[in-house]
Amino acid sequence: MEFTEAYKQTGPCCFSPNSRYIAVANDYRLVIRDTFSFQVVQLFSCLDKISYIEWALDSEYILCGLYKRPMIQAWSLAQPEWMCKIDEGPAGIAYARWSPDSRHILTTSEFQLRLTVWSLLNTACVHVQWPKHGSKGVAFTRDGKFAAVCIRRDCKDYVNLLSCQSWQIMGSFAVDTVDLADLEWSPDDSSIIVWDSPLEYKVLIYSPDGRCLFKYQAYECGLGVKTVSWSPCGQFLAIGSYDQMLRILNHLTWKTFAEFVHLSTVRAPCRAAIFKEIDEPLQLDMSELSLDDNFMPSNYDGPEGHLSVRYEVMELPLTLPFQKPPADKPNPKQGIGILAWSKDSQYICTRNDSMPTALWIWDIHRLEVAAILVQKEPVRAAAWDPICTRLVICTGSSHLYMWTPSGAYCVSNPLPGFSISDVKWNADGSCLLLKDKDSFCCAAVPPLPESSDYSSDG
């Protein structure tokens with residue numbers, strides 16, 4: 295892998311949908327760089343510090359959320375002199391997002407008073423009263439024709455269906471939730487999945503006309519759903535719960551066909567490959583060196599730290615580091631906090647927050663765990679290659695960790711003092727964006743060979 299130099303950032307960074315550009319927030323400046331040359335192609339000055347950025351799907355426009363004002367500014371790459379400013383006045387702006395046609399911006403006001411659709415074509419705006427959430431609760435169909443919006447009125451949850459052409463309400467139906475957490479369209483746009491807050495385990499599948507197709511409740515009297523994700527193929531629905539289990543439903547009968555348990559002790563006959571990150575001591579041949587005794591401190595035991603790490607394949611049984619959350623504090627660190635599908639829908643990776651240093655990779659075809667990666671530090675982020683079956687992990691260290699069905703390996707970042715806290719792929723899987731606290735860099739990722747053997751050295 296080849297790494298670029300580090301560049302300054304003070305906020306969000308992201309690739310454009312067409313992978314040609316990288317948008318970087320640097321205080322009040324929005325810097326647009328070319329992905330291949332890393333030259334600055336546009337520089338926009340906003341009115342305040344940038345809190346949030348989002349590309350339009352066509353990569354021609356980009357919006358910046360200035361939530362301290364609060365205000366939204368949108369810019370055009372093709373027409374740098376063009377600028378759109380959205381200010382809701384006393385209502386404020388809690389969140390903003392693009393519509394699928396890239397020509398409308400949806401803003402949610404503070405205290406969820408209203409959702410407003412702003413047109414970049416004719417300066418018209420449409421209001422939708424009482425959205426349930428600020429940054430959540432809005433989902434678009436894959437074809438971009440309809441939007442589902444969570445509404446809360448008269449102490450009850452509703453879903454409004456909006457046309458993305460006229461932005462008029464095409465239908466509305468009540469949902470059987472106590473406190474709706476979020477919603478999502480199925481990949482084929484045939485159904486809408488809704489789930490309740492963690493205090494009530496309830497997952498509901500509705501047709502667009504409001505008929506409840508299925509109600510799923512794994513248990514009662516306990517914290518419920520934490521993460522939900524559709525497989526890219528649309529055949530499987532994964533539900534991660536606070537009881538530290540992953541459940542998979544099929545889209546035909548909506549029945550559970552797999553339940554995966556995250557055990558703190560892994561025993562035979564588990565066939566998973568367990569990779570544990572260990573330090574690789576620096577190897578120096580000092581036999582031919584002649585140094586003055588006064589040159590080296592008396593308490594010197596060798597080079598400080600370790601310059602590299604590697605994976606070691608562990609034998610069973612193996613006990614994973616486990617943290618029992620305190621019973622007297624809210625938002626316990628337990629349950630499935632990370633849940634992500636591979637591009638081909640064969641694998642799904644999970645992190646049980648009670649075992650934050652372990653990342654589990656499950657094989658849906660075999661209905662078993664395929665691999666467990668045990669890191670020295672808690673897993674911060676995990677992202678699948680959008681083109682092939684390859685998983686990238688970061689833990690806040692200076693290393694990247696990769697897994698493929700052929701094995702796992704570690705990659706050292708050559709930039710001094712660069713701790714990788716977040717990782718993102720571009721759309722074609724050729725480049726990674728790596729974030730540190732106040733800087734970022736990119737890494738060119740070579741394509742996977744057709745076949746390879748297990749490799750643990752990095």
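Using my numbering, you'd call the opening residue of the sequence shown number 295 and step up by one each time.
All C-beta atoms, glycine included, are put in the ideal place defined by N, C-alpha and C.
This structure is a prediction, so every number in the text was calculated from the model and none was measured.
query: Excluding sequence positions up to five away, which residues of its chain have a Cβ less than 7 Å from the Cβ of Tyr605?; result: Phe569, Lys570, Glu571, Ala702, Tyr703, Cys704 and Ser750
query: Measuring CA to CA, which of His427, Ser460, Ala675 and Gln367 is closest to Phe440?; result: Ser460
query: With distances taken Cα to Cα, identify the nearest neighbour of Gly518 among Cys506, Ala552, Pro481 and Leu474.; result: Leu474
query: Could I get the ranges of all uninterrupted beta strand (DSSP E) runs contained in the stretch 438-473, with 3 residues as the minimum, in chain order?; result: 440-447, 450-457 and 463-468
query: For Gln406, which of helix, strand or coil comes out of DSSP?; result: helix
query: Using a Cβ-Cβ cutoff of less than 8 Å, which residues in the same chain neighbour Asn646 once the five nearest sequence positions on both sides are dropped?; result: Gln538, His556, Gln628, Gly629, Ile630, Gly631, Ala652 and Trp654
query: For the beta strand (DSSP E) containing Asn312, list its first residue and its last residue.; result: Segment: none, Asn312 is in no beta strand (DSSP E) and carries neither H nor E.
query: Tell me whether the beta-carbon of Leu371 lies closer than 9 Å to the beta-carbon of Ile347.; result: no
query: Given that a residue counts as buried once 16 or more other Cβ atoms are within 10 Å of its Cβ, and exposed if not, what is Leu546?; result: exposed
query: Indicate whether Ser501 and Ile487 have their beta-carbon atoms separated by less than 9 Å.; result: no
query: Considering only the alpha carbon of each residue, which of Ser525, Arg436 and Gly383 lies closest to Thr410?; result: Gly383
query: Using the Cα positions of Pro492 and Lys520, report the straight-line distance between them to the nearest angstrom.; result: 7 Å
query: In whole angstroms, what is the alpha-carbon distance linking Ser429 and Leu360?; result: 15 Å
query: How is the beta strand (DSSP E) around Asp573 delimited, first residue to last?; result: Ala567 to Glu574
query: Does the Cβ of Arg684 have 16 or more other Cβ atoms within 10 Å, making it buried, or fewer, making it exposed?; result: buried
query: According to DSSP, is Ala385 helix, strand or coil?; result: helix
query: Taking only the alpha-carbon atoms, compute the straight-line gap between Cys661 and Val607 and give it to the nearest angstrom.; result: Just to set this straight, residue 661 is Leu in the shown sequence, not Cys. Approximately 22 Å between the Cα atoms of the pair.
query: Short of 8 Å in beta carbon distance, which residues of its chain neighbour Ser393, apart from the five on each side in sequence? Order them along the chain.; result: Ile399, Leu400, Val411, Phe434, Gly438, Ala441 and Cys458
query: Since Ala665 and Ala567 should fall inside the 8 Å C-beta cutoff, what is the C-beta to C-beta distance between them, to a whole number of angstroms?; result: 5 Å
query: Using only the alpha-carbon positions, how far apart do Arg408 and Pro710 sit?; result: 47 Å
query: Provide the residue span of the beta strand (DSSP E) that contains Phe508, from first to last.; result: Cys506 to Tyr510
query: From Tyr322 to Gln336, what does the alpha carbon distance come to, in whole angstroms?; result: 14 Å
query: In whole angstroms, what is the alpha-carbon distance linking Asp470 and Cys735?; result: 46 Å
query: Going by Cα to Cα distance, which pick from Glu354, Phe338 and Cys340 is closest to Pro311?; result: Glu354
query: Which partner residues of Met295 appear in the DSSP bridge assignment?; result: In the DSSP output, where bridge partners are listed per residue, Met295 has none listed.
query: What does the alpha-carbon distance come out to for the pair Val432 and Val453?; result: 10 Å
query: Would Met365 be called buried (16 or more neighbouring beta carbons within 10 Å of its own) or exposed?; result: buried
query: My output table needs one value for Ile257: the three-state DSSP class, helix, strand or coil.; result: Within the shown structure, residues of the chain are numbered from 295 to 752, placing residue 257 beyond reach of any answer.
query: Report the CB separation of Ile344 from Arg327 in whole angstroms; it is logged as a contact under 8 Å.; result: No, Ile344 and Arg327 are not in contact; Cβ-Cβ is about 15 Å, not under 8 Å.
query: For my contact list, Cys725 and Thr304 are in at a C-beta cut-off of 8 Å; report their separation, rounded to the angstrom.; result: With 8 Å as the limit, Cys725 and Thr304 do not qualify as a contact, their Cβ atoms being about 22 Å apart.
query: Would you say Ala737 and Phe297 are within 9 Å of each other, going by their C-beta atoms?; result: yes
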